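**Student:** Chains A and B, in that order, give the protein sequences. Residue numbers are given in my numbering: position 996 of the first sequence equals residue 996, and the series is strictly consecutive. Residue numbers are given in my numbering: position 405 of the second sequence equals residue 405, and the series is strictly consecutive. Dropping a structure here in C-alpha cells format, bear with me for questions.
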Amino acid sequence: METRAPAVVAVVVTTGSAPGLEATLSSLVAQSYEELSLLVMANGATEHVATRVASVAPAAFVRVLDENRGFAAACNEAAVMTDGSAFFLFCHDDVRLEADAVQQMVESAFRTNAGVVTPKVVSYDDPYVLLHVGQTCDRFGVVRERVEPGEIDHGQQDLERDVFVAPGGVTLVRADLFATLRGFDPLIVALGEDIDLCWRAQSAGARIVVAPQARVAHRETIATNERPVAAIGARRASRQTLQRRHQLLIVATGWGRGRMITTLATLFVLDAMELLLSIVGRDGERASSILGSWRWLFSQRRRIRERRLRRRDTTILSDDELHRLQVGGASRLQRFFLTLVREGLDGARGVLPDALVEPEVTDEESAGVGFAAGFAPNEEFDDGLTEITGPHSRPSRVLTSFRAQVVALVIAAGLWVLGSRNLVAMHLPLVGRLAPLDSWWSTWRHFFASWSPNGVGTGDPGMPGYGLLGFAGTLVFGRMGILPRLVLVGAAPFAALGMSRLLKGRVSNRARVVGVLATLGLPTGLNMISQGRIDVLVAVAGLPFIVRRLLALLAVPGFRDVPYPDPVPFGTTGWRVTEAGQRMSVIMMIATMTAFAPSTLVLVALVIAGVTMSRWLVADAQQPDVAPWRLLGSIVFNVAIFLLPMTFDTLMAGRRALGLFGLPGGPWSMPSWSHLLRGVDGLFGGGWLGWCLPLAAIVGLLIARRERAALAAKTSVIAVLTLLLATLSGHHWLGSFAPDLDVLLALYTLCLAVMAAVCVGAIENDLRDMAFGWRQAGSALAVGALALSLIPFAIAMGSGRFDLPTTSVAESLSSLHPTNGGGYRVLWLGDPSVLPVAGWSVVPGLAAATTMNGLPGGNELFTSPASGASDVILADIRQAIEGRTVALGALLAPAGISAVVVMNDAATFVEGQRPAASRALPAGLLSTLNAQTGLALTLQTPSAAVYTNADFHGLYSAVDPSTRSLVPIFTSSKASGALPKGTPRVVLGLAPASAFALDVDGHTTTRSTSHGWAPTYAVNAATKHWVASVSLHQFPLNGILALFTLGMWLIIWLGFGWVQRLEWLFTGRRPRHESEVP
Amino acid sequence: MKGKQRLLTVVVLGLAGVVAVNQWSGVSNVASPLDPTSPLASSSVLYCPGLTNAAGGLSGSVVLFNTTASSRHVVLSVTSPGSTSAVVKRAFTLPAYGQHALAPSRLAKAAFYAVTAAIDGGGVRGEVLSSSGQSEASCASRGVTHWVATGLSTLVGSSATLALFNPTATSAVFNVQTYSANGFLQPAAWQGLTVAPKGLVTIDLSTLLANTSAIGVDVRVVRGSLVSVADQVINGAGSFSAGSRGPSARDRFALVPTANRVLARIVVSNPARIPAHVSLGIGLGKFAVPSQRFTVAPLTSSTFVVTPNTAIPAAGLANVTLRASVPVIAALQTGIASAVVRKSPLHLSPQRTSWRTWLIADATGRGYGNVLVSNTSHHTLTITVVGGALGHTPTTVTTTIEGDTSRNLLRLAPQLATLRHAMVTITAGSNDLLVTATASAHVGQSGTVPRTALDGR
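Right, here's the structure in full:
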C-alpha cells in the first residue's frame, strides 16, 4: 500500500506590486516536499498576477479577490476553497523558503503533534542574521522576540521547542485546527493576525512549535513600512494604530472575563501614562493612535462579544495555564524604561536624535606602534586652547551622562514628592488665597454674575479669573478642590519644566539640570507655598514659558535662530508657528497668568525693558529688526482685550486703577536689602546658604562669553531692574504703583536660576580659554555654592507641606455670627499679604476687605480695583486711623458690619511653630480701634484682634416703630421674610442701590439712598401683609461681556489650526491623512 | 570689553541703589500723635470723671468749650459707680465759640460721677470744674493704659479717691500700686480690678493707706484703657489731680510760687528699684539759685519744699525744672500755709507734657493771674493765637517764640485785653508747646492756685 505524505496547500497572499512574488513562488516550486499545492490569492488590485504566477509556477492556482480585505480574510477564503488538505502553509509574498523548509516543518508537526509550526526566519538580505525563531508575548498581547536584533545565527537557536506565537511570513497550520479555530480573524486586516491565531490555538490546547531546521528568508515589507497597508479598513490608520487596535482586540477576546477586565484596566492606565507622555512630548501621532485604538475597541464591542462567545467553544486551557505560557510583566513598559536609560527620553519615545558625527579613523591614523603611535603627525602638544564648541565636550564627569542626569532629576522629583506629601490630602488652611472654592457651576456663575458681594457690593463685571477657574474645573471634572492642591504641588515642578525648555539648546544638558534644580529650590516658590499664595504660584509656574517666548519674539540670539515661516491663513495648522501665532500664544499665556496675578504684565514690561537696555549696553552680534515697545504695547493691548472684564473694572477704578497690580504694603515690613538680593520674602532662603544662588549668578555673569554672555547680560539687567522696581515701589517712591512684591521676586529668582545655568555653561566652555586666576577660583566657589544651595531645598522637605500652616487665624475665630441674627458682614483689616481675601488699600500697610456671612468663600476670590461705594467704608476707616472719628462702629453699621477682624499674621500663633507670614500693622491702629465707642474688643491674640460692633443693626434692617431704631430683619441665607409691623423704612447694606428692589406685600416700594449709597425703601403704612423680599434687577451686561470674552478666547483658540481640523464638521470632507496612499 | 564694563557698571550701580534705598529710606512704623479733638474730626468724645456730690467735696460741673465756628450737637451721659449703663442722658447744642456747663449732681444722685460727652464734630474741649472754682481738671478724649499721680494725702482730715472710668465697650482690668514715704504697697485688693464697659470705679486710698502723705499712685491697665482722676479733699476743700501718662525723668513746673505765707512743694515718687537722684533747677528772676539735689529711695516718695525754703528767695513765680536719674512721678503742691488759713486746699499740678495745641478758657469769669507759653524745643516755634471773648468770634495772631523760652500769653497776643471770660487757643506746628496758668490774685495768692490749660488728649 502506498503511503502518501499529507497534502499541504501553500497559500500565498499577494497585494499590490509584490516585487518579491516571483522569488516566493520559485522557492515554493523548488520545495522537496511532494504533496505541495500552490494557491495564490491576489488581494484586490494586483498587477498582472496571473501572468506573473504562470511564468514561475504554471501549476499554481490563482484566485483574484475583488477587494483587499487583508491577509486574514484572504487566507480564510483560501481555506474555504480547498478541501482535503492536512496542512495549510500560509505565506506572505515576500518570503524565500529553503528547499527543504516545508519538509522539515511537516516532519516537525508530526513529531511534536504541533498544531502550528513556524520556521527559523532569517533576513532576506543576509541569511546569517536571525529575525525570528518563534516569538512569545505578554498578557497584553505585546510580542517579545526570542532573538536579539541583528543576532547572527551560530546554531544557538536550533532546538525544536514550543513557542507562543508563530510570526507571520510562513506558517504551517493543521487544517483541522484551522477549521476549529475558524481561521484568522478577518477583523485584523494586518499586523496581529498571527498573534491572534496563535493565542486561540494555545487556548484550544494546540502546540505551537518552532522548527529551526526549516529556514525562511523574509523581507517583512509590510512590517518595515516598505509597502503600505492597503487593506480596506486600514488605509487611514497608521501602523501604530493598527498594532494597538489589534492588541486591544486580542486582550479583549483572548482572556476570560475577570482577567480580561483587569488586563484591560491595566492597559488603560499604561496607555493613559503613555498618552500624557505623548502630549508633553508633542507626539501627536502616538497620542491619536492611543485614543483611536480605544475608540475602535469600543466601536467593535458587539463583534468582541461574538468572538468571546465563540471562544468558549474552543477554549481548553484556563487563563492561568495560558498565562504560564507567556512572559511576565509588560513588555512595552520594560522596553520603554530600558531605552529611556540607555538612549534618553527621545529614544524611548521613538524620536531618533540627529546622528553624531563621529570622527573617522583613517588607516593612517590607526597605523603605527609604540610611543609614536600615540601622536598623529599634525598633533601639537599644547592644543588645549583649541576652541571646543557644542555641548558634547565636557571637561568633567559629574552629571555628564544621561543616566546621571536622569538620576539627579529623579532624586529631585522624589524629594519634591516627599516634601509635598501632606499637601495632597491635608486640610488647606484659610491663608493667602486658599479660600475654599465654590462649586464648578457657581464659579462660572460668578464670572457671569451681575452683582458680586465684594466690599458693600458692586455691579462691576466679574473678574476673568473666575472664568479661567471654571475652565480649569472642567478639566478636573468639576472637582474644584483639586485645583489649589494642583497649584501648590505642581507649580514649582511645572516651572522647572519650563526652565528646562527655556535653556534647551542654549546650554548643555548638565547646565539645564542645574537650572531645573535651581528652579525647584527657588525660595519664591517655597515661600509662596508656605503662605498659600496660589496667585503668585500661577505666575511662578508660567513665567519660564513666557520668558522663553518673549526672548524669541525679541530675537534674542539662541532663541530664534531661524526666521518665522511665511504667514498662513488664520485657523490653518501652520498658523501657530508663524510670528502672529507665536505672538498670540504668548499673549494667551500672559492673559491666563494675569487673570490670577495682574502684576504679570509688569513682568512682561521688565523683560522687554531689560532686553532692550541690555542691548544698549552690550550690542548683540546681529541687531534684530524688532520694535520692543511696539511688542509691549501689542501685548498689553491684546491682554486687555482678552481680559475685557478686568480691563473694564480697571478703567472704572479711577485713582485706584494702579491697585490692580498690587496694594502698597507697609514700608516697615518690606524685606531688607539682603533678603531682596536673595529673593526671599518669607521663611525659606533667609539663611546664609541663600546667598549661594546669587553668588553663582554673579560668577556666571563675570566669566560667561559669547552667546552665554549675551544671555547673562540680558538676564542680569532684567534682574536688576526687577529689584529696583521692587525696592522703589516697596518704599512708596512710585506713589500708589505697588506691584506685588512676590510676583516681582518670582522673575528675579527665575533670572538667578538662568544665570546659575549659564554659570555652569560658562565653566564648561569659557573657562578653559582664560588664564588661571580669580575666575577659576570664583568658578570653584560657584560650583561649591551650587552644591550647597541644595541643602535648604532638602531641609524644606521635612514638614511635608513646606511649612504651610495647618490652621489659620480666620478659621480659629470661633464665631463671627452676631447674636441678633440677620445677614452680616465681617470687615478684615491687615497687611495686604496677610488678609485671606483680596481688598483695597486704606493706608500703606493696611488693606480692608469684607466677607458676607462669615469666612471668605469662593465668591470673594477676586476683587475689582474699583472700590465703588466701598470707598465710603474705606474713608471711614481712614478717619478712624487719623483720629478724626470715634464712632467707627456707627459708620460701619450701614454696611452690615458686625465684626472687625484685625490680623497681623495669617496663621494662628502657636508657641514653637513658625508663623506663615507676620506683617506688622500700622502703629497705633489697635489703640485707635480701642478708642472707638461702638467697637468692643472680644478677642485678642498675638495674631489677631476681633472687635464686635455694638452699633450693628443687620445687613437688612428696618426701623422698629416702637424704639425708632434699626433692627435686623431676614436671615443670613435668605433676603426675604417678615418685617416689623408698622415699620416706615427698610435699609439694605447692599450697593449699588439702583440694582436692588424691595417688594412688600407684592408691591414695589420707593427707593432712596442713605449715607450716600445704601438703598432705603419707604414702606406704606397701609400694608396688610408685612412680608418683604429683596430682588436684584440688573441688566445682564456683565454676562454679555463675559460671553464675549469667552467667545474671543474660543475664536483665537480655533486659530491654532482647529479651523482646518474641524472643517470636516461643516464640509463633510475629512482632512487627508499622511499615511494614505494617493 | 567696553560693553561688558558698561553692563557690570550698571549692574553694580543698580544693586547699590537697591541697598541704598533700603538702608537709608528711614521708614519706621511709628504712630503719629493724634489730636482727637481737632476741628476736622467728624465725631469726638470727651470723658470727664472725678466729680462728686456735695458731700464728696468736689461737686461741680462739666464745662464744654466749642472752639470752632460751627455749633456742635452734644449728648452727655452721666455714669455713677456700679451702673453698667448711663444713668441719664442729656442732649444740647453747643454754640460756636460758646461754652456750656452741666452739673451731674442735678441729673442723678450718686457719690461720684463720670460724664461722657459725644460730639458730632471736633474742636470741643472740656473740663471738670469744682463748685468753688478753684480746681479744675481737663477732660480726656481717650483712655490710657498707664496713669500715675503723686502728692496725695490721707492724713487726718484728708481723703484721696481715685475715679477710674472705662471709656471703651470692652471690660478693662487694672492693677494699682502705691509709693509713699513709708514705702511701697501693692495690695491684693487692688490687683486685677475690673471696670465694666462705660463703667466707673472709685478707690478710696485711705482704706489701705491711712494717715499717709505724699502718696504716689501707679495704675497699670492690663486690658483696655481707663480715664482717671484723683480727688484730693483736705479739710473739706477739694482739688482734682489729672495725673499723667507715666513717669518722666524730665519735668518742668512753671509758675511755682515763692512768697511769704505760701506753700509750694515738689512731691516725687520713685517707681524704680534703684534710688532716684533728683536735681531741681530753680529759675527765679535775677536770682541765681543753685540746683537743689535730693535722693528718693526706691519705691518711695519724697517731698522737696520749694517755699518756704531758706535757699530759695521768696521772690515771685519761679520756673522749676526737674531732672532725675530714673523716670519719676512728680507733682507740684501749692497752697497757703496751713498754719495761717484753714480750709484752703492744696492744689496738685501734675507733670504735663508738651503738645501742639492748648486751650485757655475762663469758665469762672475770674480771669487768670499768669498764663505762660513755653517753647520746650531748641528751635523757634511759630504759634497761632486765636482768642476772644466766649461766644464771640475770635481774632487770630501769629507770632514766634524762641527755643527754650517762655512768654506771657498777653504779651504774645496783645489783642487780648483780658483773659476774663475769654477763650484762647494756642497752636504750634509741632508738639513742643507747653502752657501753664495760674488763677488771678483775688482767687488765690499769686501762683498758689493753678489753672488748667486744656490739651484735649
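All residues carry an ideal CB built from backbone N, CA and C; glycine is no exception. All of these numbers come straight from a predicted model, not from anything done at the bench.
(1) Would you list the residues sitting across from A:Trp828 in a DSSP beta bridge?
(2) In whole angstroms, what separates the C-alpha of A:Met463 from that of A:Val837?
(3) Around the C-beta of A:Leu468, are 16 or more other C-beta atoms found within 10 angstroms, so that it is buried, or is it exposed?
(4) Taking 7 Å as the cut-off, is the beta-carbon of A:Ile897 closer than that to any non-hydrogen atom of the ligand MN?
(5) Using a C-beta to C-beta distance shorter than 9 Å, which residues of chain B count as neighbours of A:Arg706?
(6) To the nearest angstrom, how far is the alpha carbon of A:Ala7 from that of A:Cys75?
(7) Where A:Ser789 and A:Gly685 are concerned, what is the direct C-alpha to C-alpha distance, given to the nearest angstrom?
(8) Return the CA-CA distance between B:Val217 and B:Thr202, expressed in angstroms with no decimal places.
(9) Do A:Phe862 and A:Ser898 come within 8 Å of each other at the CB atom, strictly closer than that value?
(10) How far does the beta strand (DSSP E) with B:Cys139 in it reach, from first residue to last?
(11) May I ask which residues mark the beginning and end of the beta strand (DSSP E) holding B:Ile329?
(12) How about the stretch 564-581 of chain A and the stretch 1054-1065 of chain A: do they share at least three Cβ pairs that are nearer than 8 Å?
(13) Going by C-alpha distance, which of A:Leu409, A:Arg512 and A:Gly16 is nearest A:Pro228?
(14) Quick check: the Cα distance between A:Gly505 and A:Pro493, rounded to an integer number of angstroms?
(15) Would a check of beta-carbon distances place A:Ala762 closer than 8 Å to chain B?
(16) I'd like the list of long-range same chain contacts for A:Tyr466, defined as Cβ closer than 6 Å, with 5 residues on each side in sequence excluded.
(17) With 9 Å as the limit, tell me which residues of the stretch 594-622 of chain A have their beta carbon closer than that to any beta carbon of chain E; keep them in chain order.
(18) Please classify A:Leu159 as buried or exposed, where buried requires at least 16 neighbouring CB atoms within 10 angstroms.
(19) Please report the Cβ distance between A:Phe88 and A:Ala175, rounded to the nearest whole angstrom; I am assuming they are in contact, meaning their Cβ atoms lie under 8 Å.
(20) Assuming A:Tyr33 is part of the alpha helix (DSSP H), what are its boundary residues?
(21) Shortest alpha-carbon distance to B:Asn166 belongs to which of B:Ala210, B:Val156, B:Ala196 and B:Pro187?
(22) For B:Lys4, which residues of its own chain have a beta-carbon under 8 Å away from its beta-carbon, when the five flanking residues on both sides are left out?
(23) Round the Cβ separation of A:Ala591 and A:Leu643 to the nearest angstrom and send it over; I've been treating them as touching at under 8 Å.
(24) If we ignore side chains and look at the alpha-carbon of each, how far apart do A:Asp905 and B:Gly60 end up?
(25) Check whether the Cβ atoms of B:Phe240 and B:Val229 lie closer than 8 Å to each other.
(26) Could you run through the stretch 767-792 of chain A and flag, in chain order, every residue whose CB is less than 8 Å away from some CB of chain B?
(27) Using 10 angstroms around the beta-carbon of B:Ala20, count the other beta-carbons present and answer buried if the total reaches 16, otherwise exposed.
(28) Have a look at A:Ala204, A:Glu579, A:Pro167 and A:Ile1040 and flag the residue whose alpha-carbon is nearest the alpha-carbon of A:Gly192.
(29) Does DSSP put A:Ser393 in a helix, a strand or coil?
(30) Near A:Gln247, which residues of its chain fall below 6 Å by C-beta distance, leaving aside the five closest residues on each side in sequence?
(31) Could you tell me the alpha carbon to alpha carbon distance between A:Asp383 and A:Asp740, rounded to whole angstroms?
(32) Show which residues of chain B have a CB atom less than 7 Å away from the CB atom of A:Ser841.
(33) Could you work out which residues of chain A lie near B:Ser38, taking near to mean beta carbons separated by less than 8 Å?
(34) Whose CA, out of A:Leu725, A:Gly924, A:Asp999 and A:Ala890, lies closest to the CA of B:Ser42?
(35) Tell me the rounded alpha-carbon separation between A:Pro377 and A:Leu745.
(36) Over the uninterrupted alpha helix (DSSP H) stretch that includes B:Pro350, give me the two end residues.
**Tutor:** Reading it off the structure:
(1) A:Ala849 and A:Val901
(2) 14 Å
(3) buried
(4) As presented, the structure is devoid of all ligands, the ligand MN included, so that no description of it is given.
(5) The contacting residues do not exist; A:Arg706 stays about 12 Å from chain B at best.
(6) 17 Å
(7) 9 Å
(8) 14 Å
(9) no
(10) Run containing B:Cys139: none; DSSP gives neither H nor E here.
(11) Gly316 to Ile336
(12) yes
(13) A:Gly16
(14) 20 Å
(15) no
(16) Thr443, His446 and Phe447
(17) No chain E appears in the structure shown, which is made up of the protein chains A and B.
(18) exposed
(19) 6 Å
(20) From DSSP, A:Tyr33 is part of no alpha helix (DSSP H); its letter is neither H nor E.
(21) B:Ala196
(22) none
(23) 6 Å
(24) 49 Å
(25) yes
(26) none
(27) exposed
(28) A:Pro167
(29) With a pLDDT of only 43 at A:Ser393, under 50, the local geometry of the prediction cannot be trusted, and the value read off the model is given with reservation. In this structure, A:Ser393 counts as coil in the three-state DSSP scheme.
(30) Gly141
(31) At A:Asp383 the pLDDT is 36, less than 50, meaning the model places this residue with poor confidence; the figure from the coordinates comes in the next sentence. Approximately 53 Å between the Cα atoms of the pair.
(32) Ordered by position in chain B, no residue passes the 7 Å Cβ test against A:Ser841, which lies about 16 Å from the chain.
(33) Gly883 and Arg884
(34) A:Ala890
(35) Here the model assigns A:Pro377 a pLDDT of 44, short of 50, so the residue's position is not dependable, and the following value carries that caveat. Using only the alpha carbons, I get a separation of about 57 Å.
(36) Note, B:Pro350: premise wrong, no alpha helix (DSSP H); beta strand (DSSP E) at His347 to Pro350.
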